[in-house]
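Protein chains in written order, with this note's numbering: chain A, 865 to 1077; chain B, 10 to 264.
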């Protein structure tokens, strides 16, 4: 039996965070929801979920006193430090800001802004969509061809060198990014059935490999 | 790329599924979580639980359903019924539901839609509307509440516009004329809302076979198709519906 790596899920008082915790647990983690900085720093890996508006999430993170720790952990992950996974608005928060909530700051790990999904399609994108992904990336090990995952969002990150997956929704949407041990998805792996659980399992593998180093 | 979602809906009373559940292979035919898990395996894209528990003393029974569902089923699910405040919504969402569905309570107090939307985001606010044909209403359809029993005098189109402005992220539109008839969705009603309203639209009420499902998406313009008894009685499986949608040239997950 492989040991269950510990994963701390940022609990900052917004919407549905329990799904992420439960799905991680199902995928093989010892997952806790916490707003305790110590626990977040001690865990083998951390997950930053997020639903709702960018501004509200960013403010809630600040109010919980977790903005700084999220910033430093995300930054360390891009330098090969402890694995960090952002989900949905948790991915968007990694950017410097969003057109959804002008004047509110993101963590600024990626020097770009979140923008609205271009007009001509129903907003929000609230559906399953097929991914075009870089199968050579460890995020997608074992994932079947044409994976379907669940999206709920009205804004998205522009394509950058960190992008590892896309979906087509009127335009090409940046669906996932990775920079060393920082992974993030615009879709919800915790709500994407088997494919999502596989992806979370791959994140846990990243944690196990990281421990060994 | 727009994909069409297929959504089974379960009516839950005091934590138990009611209304015609007729699966032979169920260990516990009344357990909503086991039912939901079967639909998940059939390829359902989402699940809707409608809590019809009348007594407020038994309200907690749905919380247990939500908690257990979040532990076992990893597709999106929505909970409707009895949500009258931001605090009611918070409880349901914190326990693991992805969306709450508001109906009568939103008509009684429309600001509920903006309150929940401002707090949790419009992605988790479904507004369910029960519509019935009425020539005296400007758009031809009237909004009903209390499970379709009470007429409101509200125009369906005006109401849909209002709730989207207030932050509804999705509309679940049920035709009271067609509900339970198995004659197919009210295509005209769907078309009207789809043409005027920019948020995703779930068609409900009247689907009796796979062809009806195709019509709902193709002619009505619905983004998602919801049904209850045709699935519960095993007359249709989610995969049957998806195969038919695919053959009609629509895009679906895992058919």
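The beta-carbon is built from N, C-alpha and C at its ideal position, and this holds for glycine as well.
Contacting residues, own chain, Cβ-Cβ under 7 Å from residue 68 of chain B (five flanking each side not counted)
The beta carbon of residue 68 of chain B sits closer than 7 Å to those of 62, 91, all from its chain and outside the five residues before and after it, given in chain order.
Beta-carbon proximity of residue 986 of chain A to residue 85 of chain B, cut-off 8 Å:
Result no, Cβ atoms of residue 986 of chain A and residue 85 of chain B do not sit closer than 8 Å.
Where does residue 885 of chain A land, buried or exposed, given buried means 16+ other C-beta within 10 angstroms?
Looking at its Cβ environment, which holds 16 or more other Cβ atoms inside 10 Å, residue 885 of chain A is buried.
Taking the alpha carbon of residue 869 of chain A as the reference point, which residue from A:1056, A:979, A:947, A:914 has its own alpha carbon closest?
Taking the Cα of residue 869 of chain A as reference, the smallest distance to any Cα among A:1056, A:979, A:947, A:914 is reached at A:947.
Please classify residue 1000 of chain A as buried or exposed, where buried requires at least 16 other C-beta atoms within 10 Å of its C-beta.
Residue environment: residue 1000 of chain A is assigned as exposed (fewer than 16 neighbouring CB atoms within 10 Å of its CB, all protein chains considered).
For residue 933 of chain A, three-class secondary structure by DSSP
Reduced to three states, the DSSP call for residue 933 of chain A is helix.
Taking only three categories from DSSP, how would you classify residue 30 of chain B?
With a pLDDT of 49 at residue 30 of chain B, under the threshold of 50, the modelled position of that residue is not reliable, and no figure is offered here.
Closest by CA to residue 225 of chain B, which one among B:23, B:192, B:99, B:135?
Closest by alpha carbon: B:192.
Give the single residue among B:12, B:13, B:43, B:169 whose Cα lies nearest to the Cα of residue 24 of chain B.
Among B:12, B:13, B:43, B:169, the Cα nearest to that of residue 24 of chain B belongs to B:43.
Could you give the distance in angstroms between the alpha-carbon of residue 950 of chain A and the alpha-carbon of residue 213 of chain B?
The C-alpha of residue 213 of chain B is placed about 35 Å away from the C-alpha of residue 950 of chain A.
Any idea if residue 66 of chain B is buried or exposed, counting beta-carbon neighbours within 10 angstroms, 16 or more meaning buried?
Counting Cβ neighbours within 10 Å, residue 66 of chain B comes out exposed, since fewer than 16 surround it.
Once you ignore the five residues that flank residue 263 of chain B on each side, which residues in its own chain have a CB closer than 6 Å to its CB?
The beta carbon of residue 263 of chain B is closer than 6 Å to those of 52 in its chain, skipping five residues each way along the sequence.
Exposed or buried, what is residue 110 of chain B when buried is set at 16 or more other beta-carbons lying within 10 Å of its beta-carbon?
It is buried - the Cβ of residue 110 of chain B has at least 16 other Cβ atoms within 10 Å.
Do we get a CB-CB distance below 8 Å when we pair residue 207 of chain B with the residues of chain A?
At least one chain A Cβ lies under 8 Å of residue 207 of chain B.
In its own chain, which residues sit with a C-beta less than 6 Å from the C-beta of residue 1006 of chain A, not counting the 5 before and 5 after it?
Excluding sequence neighbours, residue 1006 of chain A sits near 1062.
By the 8 Å beta-carbon criterion, what residues does the stretch 1010-1024 of chain A contribute toward chain B?
The stretch 1010-1024 of chain A vs chain B, Cβ under 8 Å: 1012, 1014, 1016, 1017, 1018.
Those runs of the alpha helix (DSSP H) which lie wholly inside the stretch 100-131 of chain B and span at least 4 residues
DSSP runs (the alpha helix (DSSP H)) wholly in the stretch 100-131 of chain B: 113-117, 120-129.
Show which residues of chain A have a CB atom less than 7 Å away from the CB atom of residue 240 of chain B.
Neighbours of residue 240 of chain B on chain A: none; closest Cβ ~18 Å, over 7 Å.
Quick one: grab the DSSP three-state call for residue 194 of chain B.
Shown here, residue 194 of chain B sits in coil according to DSSP, grouped into three states, outside any helix or strand.
Could you tell me the boundaries of the beta strand (DSSP E) in which residue 886 of chain A lies?
Per DSSP, residue 886 of chain A belongs to no beta strand (DSSP E); it is in the alpha helix (DSSP H), 882-891.
For residue 1045 of chain A, does the three-state DSSP call read helix, strand or coil?
In the structure shown, residue 1045 of chain A falls within a coil segment according to DSSP collapsed to helix, strand and coil.
Kindly indicate which residue of B:114, B:125, B:140 has the alpha-carbon position closest to the one of residue 916 of chain A.
The shortest Cα separation from residue 916 of chain A among B:114, B:125, B:140 belongs to B:125.
Please report how far the alpha carbon of residue 1002 of chain A lies from the alpha carbon of residue 926 of chain A, in whole angstroms.
Whole-angstrom Cα-Cα distance: 32 Å.
Give, in chain order, every residue of the stretch 1029-1040 of chain A whose Cβ lies closer than 7 Å to some Cβ of chain B.
Within the stretch 1029-1040 of chain A, the residues whose Cβ lies closer than 7 Å to any Cβ of chain B are, in chain order, 1032, 1033.
Reference residue 1055 of chain A, options B:175, B:108, B:26, B:129, closest by Cα:
Out of B:175, B:108, B:26, B:129, the CA that lies nearest to the CA of residue 1055 of chain A is found in B:108.
Is the beta carbon of residue 921 of chain A sitting closer than 8 Å to the one on residue 1052 of chain A?
No; because the gap between Cβ atoms is not below 8 Å, this pair is not in contact.
Cβ separation of residue 936 of chain A and residue 899 of chain A, assumed to be a contact under 8 Å, to the nearest whole Å
Not quite, the Cβ-Cβ distance comes to about 16 Å (not below 8 Å), so this is no contact.
Does residue 72 of chain B come out as helix, strand or coil in the three-state DSSP assignment?
Three-state result, residue 72 of chain B: helix.
Which whole-angstrom value describes the C-beta separation of residue 162 of chain B and residue 131 of chain B, a residue pair presumed to lie in contact below a C-beta threshold of 8 Å?
About 27 Å separates the two Cβ atoms, so there is no contact after all.
Please report how far the alpha carbon of residue 1036 of chain A lies from the alpha carbon of residue 1068 of chain A, in whole angstroms.
Counting only the Cα atoms, residue 1068 of chain A lies some 28 Å from residue 1036 of chain A.
State yes or no: is the C-beta of residue 72 of chain B within less than 8 Å of the C-beta of residue 121 of chain B?
No; because the gap between Cβ atoms is not below 8 Å, this pair is not in contact.
Pull out every residue of the stretch 907-934 of chain A whose Cβ sits closer than 8 Å to any Cβ of chain B, in chain order.
Within the stretch 907-934 of chain A, the residues whose Cβ lies closer than 8 Å to some Cβ of chain B are 915, 916, 917, 920, listed in chain order.
Hey, how far is the Cα of residue 1045 of chain A from the Cα of residue 184 of chain B?
When rounded, the distance between both Cα atoms is 50 Å.
Please classify residue 201 of chain B: does DSSP put it in a helix, a strand, or coil?
Correct three-state label for residue 201 of chain B: helix.
Which residues of the stretch 953-972 of chain A have a Cβ closer than 9 Å to any Cβ of chain B? Give them in chain order.
Taking 9 Å as the Cβ-Cβ cut-off, the stretch 953-972 of chain A approaches chain B at 953, given in chain order.
As assigned by DSSP and simplified to three states, the class of residue 78 of chain B:
Looking at residue 78 of chain B - three-state DSSP - the assignment turns out to be helix.
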